[in-house]
Amino acid sequence: MCITIIGSLNYDLVTYTDRLPNAGETFKANKFETHIGGKGLNQTIAVAKLSKNMPIKMLGHVGNDTFGDNILGMLSKYNDLDLSDVQRAPLGLGTGVATIIVDQCSNNQNRILITEGANILTNYTAFQLDRIFPLYGDSTRVTGNNSIGTTPTTITSNSMANINDDVEFIVLQNEIPNSCFIIEWMFKYRSENQIVFNPSPFNDQISSSVWNKRIDILIVNEVEAIQVLQANITNSNLFTNFQNKISQDFIQGYREIATYLHQHFIKKDNLGAVIITLGAKGCIYLSNNTELTYKPSIFVPNEHIVDTTGAGDTFLGACISQLAQGATLDDAIHFALIASSIVIQKKGASQSIPSYEEVMRKSTSLM
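If you count the sequence shown from 1, you need to add 37 to reach the numbering used here.
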């Protein structure tokens, strides 16, 4: 078993302020910090910190600059993380940058601007993907116990423990140019793998074919769930009906949206899961073998919330790390909710991600 994350690597420039300046206004901020980040990097670190002896591979690009040096230096600290396909960009193309504004008078909510930089090169051809993801029986394949698989495997249980060791989780976001092409290629040539898609940031560039049951695990927040619906539902009355249901009963509305997403957009073999995170309200999920379920979040007092930037990526990394190690979807979601409750009480995205041991200690204290 292996988890491969294909995604962005950014350097975060974070400003803390009491309010956002108006157009043409200069306003004194409270504090400025720098951190390493990017959805791909954050999810990679989350998987690395929340797994135990799990082979992990990161694919992406950084600039030939100080930001890139800092990112690679930090990632190299994780012994189980394969960085052989994190490449340097040519001179003149810098590391991706995220400008993050944290509004301290609005429950530390954040607003983010992305300059993609070297991430634009994370644009693989079919030939490159064939090299990176060799077929079963290829001795160069990275697996959980270095075994070589012989046949594709699909999942017929809520638990992942019965999966062939050669099956990989392929995690993709939308901060790279060709996530849709990678999903299509995987569906056609490596369909035994588990395709995890977090379509964030959502935009109109996401190919409609991706939603034709190409994805094994879809993880979205409440806004992205609506965006997926809006991009794919041609019946305006149906879309309005979903919006009205959310207004009437928030949780029930999203339960119905999760069911719709699962019925229309998710593969019906393998795990086949939809997970909608709802911020402080928790999450809703279901899979091919798990009933529609709502789990509330782990309570964190408002005064303890410091920065929500890394919550979504931590949730994803925590959930996938546990699924890959044989956990049920129910247990993986519970683990991810605990991890997310810890990360929002610290500053920074990647730096604030808890370890496996921290999450287990918190889990014990909640019993």
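Note that beta-carbon positions come from the ideal geometry of N, C-alpha and C, so glycine has one too.
Here the structure is a predicted model, which is why all the values come from computation and not from measurement.
In angstroms, rounded to a whole number, what distance separates the CA positions of residue i and residue j?
{"i": "F164", "j": "S113", "result": "27 Å"}
{"i": "I73", "j": "A66", "result": "21 Å"}
{"i": "L255", "j": "S284", "result": "24 Å"}
{"i": "Y48", "j": "L130", "result": "14 Å"}
{"i": "G133", "j": "G154", "result": "4 Å"}
{"i": "M95", "j": "L109", "result": "11 Å"}
{"i": "P238", "j": "N215", "result": "13 Å"}
{"i": "H371", "j": "T345", "result": "18 Å"}
{"i": "T177", "j": "R227", "result": "Note that T177 has pLDDT 45, beneath the 50 cutoff, so the model's placement of it is unreliable and no number is given."}
{"i": "L172", "j": "I294", "result": "36 Å"}
{"i": "I219", "j": "E62", "result": "43 Å"}
{"i": "T277", "j": "S244", "result": "23 Å"}
{"i": "M223", "j": "I213", "result": "16 Å"}
{"i": "K304", "j": "T162", "result": "24 Å"}
{"i": "N249", "j": "K89", "result": "34 Å"}
{"i": "P333", "j": "K318", "result": "6 Å"}
{"i": "R398", "j": "M404", "result": "10 Å"}
{"i": "I43", "j": "R292", "result": "29 Å"}
{"i": "F104", "j": "E229", "result": "36 Å"}
{"i": "D167", "j": "R56", "result": "48 Å"}
Tell me whether residue i is buried or exposed, calling it buried when 16 or more other Cβ atoms sit within 10 Å of its Cβ.
{"i": "Q69", "result": "Residue 69 is actually Phe in this sequence, not Gln. It is exposed - the Cβ of F69 has fewer than 16 other Cβ atoms within 10 Å."}
{"i": "T52", "result": "exposed"}
{"i": "T81", "result": "buried"}
{"i": "T351", "result": "buried"}
{"i": "V392", "result": "Residue 392 is actually Ser in this sequence, not Val. Under this definition S392 is an exposed residue."}
{"i": "P92", "result": "buried"}
{"i": "N307", "result": "buried"}
{"i": "M38", "result": "buried"}
{"i": "K225", "result": "exposed"}
{"i": "D253", "result": "buried"}
{"i": "E394", "result": "exposed"}
{"i": "Q267", "result": "exposed"}
{"i": "L366", "result": "buried"}
{"i": "S358", "result": "buried"}
{"i": "A364", "result": "buried"}
{"i": "C142", "result": "exposed"}
{"i": "A85", "result": "buried"}
{"i": "L78", "result": "buried"}
Could you name the residues of the same chain whose beta carbon sits closer than 6 Å to that of residue i, not counting the 5 residues immediately before and after it, in chain order?
{"i": "N199", "result": "Summary for N199: the model assigns pLDDT 47, below 50, so the residue's position carries little reliability; its value from the coordinates is reported in the next sentence. Excluding residues within five positions, none has a Cβ falling inside 6 Å."}
{"i": "G385", "result": "H72"}
{"i": "D140", "result": "Q146"}
{"i": "F287", "result": "none"}
{"i": "S377", "result": "A348, T351, F352"}
{"i": "I335", "result": "L374, I375, S378"}
{"i": "S400", "result": "I375"}
{"i": "Q264", "result": "F239"}
{"i": "L315", "result": "E259"}
{"i": "S402", "result": "none"}
For residue i, collect the residues of the same chain with a Cβ closer than 8 Å to its Cβ; drop the 5 residues on either side in sequence, then sort them by chain order.
{"i": "L353", "result": "Q80, A83, V208, V233, N235, I256, A373"}
{"i": "L158", "result": "H98, Q124, A126, L130"}
{"i": "P58", "result": "F64"}
{"i": "D102", "result": "G131, T132"}
{"i": "E221", "result": "S244, S246, V247, R251"}
Is the beta carbon of residue j closer than 9 Å to that of residue i?
{"i": "A355", "j": "L87", "result": "yes"}
{"i": "A135", "j": "G97", "result": "no"}
{"i": "E205", "j": "T41", "result": "yes"}
{"i": "N156", "j": "S45", "result": "yes"}
{"i": "N211", "j": "Q242", "result": "yes"}
{"i": "I151", "j": "I138", "result": "no"}
{"i": "E259", "j": "I342", "result": "no"}
{"i": "V311", "j": "Q382", "result": "no"}
{"i": "N144", "j": "N339", "result": "yes"}
{"i": "S389", "j": "V380", "result": "yes"}
CB-CB under 7 Å to residue i, same chain, minus the five flanking residues each way: which ones, in chain order?
{"i": "M111", "result": "I73"}
Check whether the segment 299-311 touches the segment 319-331, counting contact only when three or more Cβ pairs, one atom from each stretch, lie closer than 8 Å.
-> yes
Is it a yes or a no for the segment 270-278 touching the segment 308-324, going by three-plus beta-carbon pairs under 8 Å?
-> no
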